[in-house]
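Enquirer: Provided herewith is a single structure, encoded as structure tokens, for subsequent inquiry.
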Amino acid sequence: MNIMNTDLAKEARRVAIALGKNCDYLDISYMNDTVFLYASYGDKSIRIEIYQRDNGVSHCYARTYRKQGDSKVLQDRLLEGGSIGELGIAVRHYLDGRKAA
């Protein structure tokens, strides 16, 4: 099966659209059962991992980073092992917080 046609990829694209409208850089990488998203804006970035377990359940991780010198430092763990729905909420909070700053 083509990874691009899976529900996992479709959900990742929905998240990527929201990030892409508000970020300077967006990268999406697809593997067999995992999608990685990376978006940055200025000195801040967010990394998202969406993977599907053997039982078909999707899990998501989202972490934000801030650039300090030549390295990136973990700023916040937005989501640790949550669902696609929780990921959408975490990304909206991240984008809303960034707009308010």
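Numbering (my numbering), first residue to last: 76 to 176.
Just so it is clear, CB atoms sit at the ideal spot from N, CA and C, and this is done for glycine as well.
Can you round the beta-carbon distance between L162 and I123 to whole angstroms, since I take them to be within the 8 Å contact cut?
Expert: 7 Å
Enquirer: Check the DSSP bridge columns for V90 and list the partner residues they point to.
Expert: In the DSSP output, where bridge partners are listed per residue, V90 has none listed.
Enquirer: Relative to the alpha-carbon of L153, which residue among C135, Q143, M106 and Y100 has its alpha-carbon at the smallest distance?
Expert: C135
Enquirer: Report all residues from its chain with a CB closer than 8 Å to the CB of A176; omit the five preceding and five following residues, and keep chain order.
Expert: Below a pLDDT of 50, predicted positions are generally treated as unreliable, and A176, at 49, falls in that range; the measurement from the model is reported next regardless. Contacts found: none.
Enquirer: Just to confirm my understanding: we take F111, look at its own chain, exclude 5 residues before and 5 after, and list those with CB closer than 6 Å. What are they?
Expert: S104 and E124
Enquirer: Just grab the DSSP bridge partners of D102 for me.
Expert: Y113, per the DSSP bridge assignment.
Enquirer: Answer yes or no: do I159 and S133 have a C-beta to C-beta separation smaller than 8 Å?
Expert: yes
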